Amino acid sequence: MNISQLISFAHAYSRLGWSVQEQLQDFMNGERDGSCLNVNAVDMCADLLKECDNLEGIDGAMDLLEELNEYCAENS
């Protein structure tokens with residue numbers, strides 16, 4: 002990850018707000034049973050990753066984006 006990628010992610014992440022940020026953290030921690038996650042918040046997290054520059058260069062970002070999209074498709 003280079004500095005421009007980090008800044009791009011930081012800007013997008015800061016716009017999510019604390020409650021959606023917590024949803025992303027829960028998702029990344031494997032808490033995906035549906036009772037604690039809001040599908041709309043998960044979708045916002047996916048949109049966040051899509052906004053970031055050079056997502057392919059961030060280790061694990063593409064996998065996370067795919068998992069977020071799959072969760073939204075299965076739970077909407």
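Residue numbers for the sequence shown follow this note's numbering, so the first one is 2 and each next one is one higher.
Ideal placement from N, C-alpha and C gives every residue a C-beta, glycine not left out.
Just so it is clear, the structure is predicted and the values come from calculations on it, not from any experiment.
Ranked by how close their Cα comes to the Cα of Val43, the residues Glu52, Phe10, Gly58 and Asp27 have Asp27 in first place.
With a minimum length of 4 residues, the unbroken runs of alpha helix (DSSP H) contained wholly in the stretch 8 to 41 fall at 19 to 29. Cys73 and Val21 have their alpha carbons spaced roughly 14 Å apart.
Inter-residue distance for Glu32 and Ser5 is about 30 Å (C-alpha atoms, whole angstroms). Here DSSP, grouped into helix, strand and coil, assigns Ser5 to helix.
Per DSSP, Asp64 is one residue of the alpha helix (DSSP H) stretching across Ala62 to Asn76.
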